[in-house]
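See structure below.
Okay, structure coming up:
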């Protein structure tokens, strides 16, 4: 039985430690939503805000307490009070057993039964209920505010999810780009190896010098260094992706190296952008805060009720000796030095401030979207240019390599042209990376992070 339990635990834990291979972006986002640690923390914050909202709502239903007390005393006042609460007081407790009507000093007699009673136990059980009947709307507004703060925490989680999806997408496209870059570098290194072989053969025939071979080998070492750096960057991207997903990722399904451009409209932007939605919700919260401050000028009405029983034995003759008290309290602040008025004006100013913040958020987000779109279009133009320059640089290099074999150009001329190919390849990679980053930022602004 013990062995079976161990095997079951191992099987359950396998998905957590298994290396994920050929991971698709869609599957990665599903893992991200379930396992990302930052998202888990944010959801815990959501839950706390949800319970805070329940606390505020619960205040409307009042408070019921039950109190059970057990005491023993020989204090005269306490013992007499115990008997009264237990409904057991008698005239004898006043010392009537020592009353003598013939004694002219009867008023000066100190009755022993009253002043020196025997010690008595006292057990009291009491139910107390307090209920706010009217608070000028303050409790209602506090309930609305805490509900809104819970919704705000959901927006925070949604925004964090967008950010993590942005990072996951970027990691996928970065890996795809760098692997494409590694493939191209491999071809370049292969071409340099072929050039090195040509130089060696020409050196044997006396048509090349040692310096020619050294130049080629130096360029080969440079390309090899770029190749190794690219592989390190790829490993780092996989490590970051594994960190995001809280899962060890070994390989992914490659993406197209150019992310699709999203459609942008002002209506969609204002309706879906999380920052704008948060600002609008914040405006509603400040309006609620104004109403809550207005409630300070209105009376507060509360009701209370108590029901209990007392005896020298716990819960003895409970119903025969029970008692109740009910009442209503009205409290209305008449003057507090203008504090409430100042707080109300402060809340109104804050409401106007947030109104302008909402307008600023809408304009700022719209401007940012336009800026990102312009940067994407600029990157598109750069990419087209670099692609043409790269194709041209490759043709020129092949031409110069052939001319070198004919002895028409020096090896330095060939390597200069080959260097241009490397330069264009790196610029193309950088432009594509920049373009993809801007597109993912646009996706995040449009709150369309899960649309892959």
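In this note's numbering, the protein residues as written are 1037 to 1488.
Where is the CB? At the ideal position from N, CA and C, for every residue including glycine.
Requested in this report: Give me the Cα-Cα distance between residue 1361 and residue 1319, rounded to the nearest whole angstrom.
Outcome: 45 Å
Query - Residues near residue 1216 in its chain [Cβ-Cβ closer than 7 Å; skip 5 each side] - result: 1293
Query raised in the report: Opposite residue 1157 in the DSSP bridges: which residues?
Result: As computed with DSSP, residue 1157 is found in a beta bridge with 1108.
Query - Bridge partners - residue 1164, DSSP secondary structure assignment - result: When DSSP reads this structure, residue 1164 sits in a beta bridge with 1101, 1342.
**Report entry** Buried versus exposed, by CB contacts within 10 Å (16 or more), residue 1401
**Finding:** Result: buried.
Report task. Taking residue 1367 as part of the beta strand (DSSP E), name the residues at either end of that continuous run. Result -> 1358-1367
Query raised in the report: How would you write the range of the alpha helix (DSSP H) that residue 1458 sits in, first residue to last?
Result: Note, residue 1458: alpha helix (DSSP H), 1447-1481.
Query raised in the report: Candidates 1321, 1299, 1110: which alpha carbon is nearest residue 1182's?
Result: Ranked by Cα distance from residue 1182, the options 1321, 1299, 1110 are led by 1321.
Query raised in the report: Comparing alpha-carbon positions, which option in 1470, 1089, 1469, 1348 lies nearest residue 1121?
Result: 1348
Report task. Could you tell me whether the Cβ atoms of residue 1075 and residue 1167 are closer together than 8 Å? Result -> no
Query raised in the report: Does the beta-carbon distance from residue 1200 to residue 1073 come in below 8 Å?
Result: In this structure, residue 1200 sits away from residue 1073, with a CB-CB distance that is not shorter than 8 Å.
**Report entry** First through last residue of the alpha helix (DSSP H) which encompasses residue 1123
**Finding:** First-last for residue 1123: undefined, no H or E at that position.
Requested in this report: Can you grab the Cα-Cα spacing for the pair residue 1328 / residue 1177, in whole Å?
Outcome: 6 Å
Query raised in the report: When the distance is taken between beta carbons, is residue 1198 closer than 8 Å to residue 1312?
Result: Judged by beta-carbon spacing, residue 1198 lies beyond the 8 Å limit of residue 1312, meaning their Cβ atoms are not closer than that value.
Report task. Quickly, what does DSSP pair residue 1347 with across the bridge? List them, please. Result -> Residue 1347 is bridged to 1159.
Query - Inter-residue Cα distance where the pair is residue 1087 and residue 1387 - result: When rounded, the distance between both Cα atoms is 26 Å.
Query raised in the report: The alpha helix (DSSP H) with residue 1279 in it runs from where to where?
Result: Taken as a continuous stretch (DSSP letters only), the alpha helix (DSSP H) holding residue 1279 covers 1246-1281.
Report task. Return the CA-CA distance between residue 1298 and residue 1407, expressed in angstroms with no decimal places. Result -> Straight across, the Cα-Cα distance linking residue 1298 with residue 1407 is about 14 Å.
Query raised in the report: Taking C-alpha atoms, which residue in 1133, 1331, 1210 lies nearest to residue 1476?
Result: 1210
Report task. Could you tell me whether the region 1137-1147 touches the region 1100-1111, using the rule of 3 or more Cβ pairs below 8 Å? Result -> no
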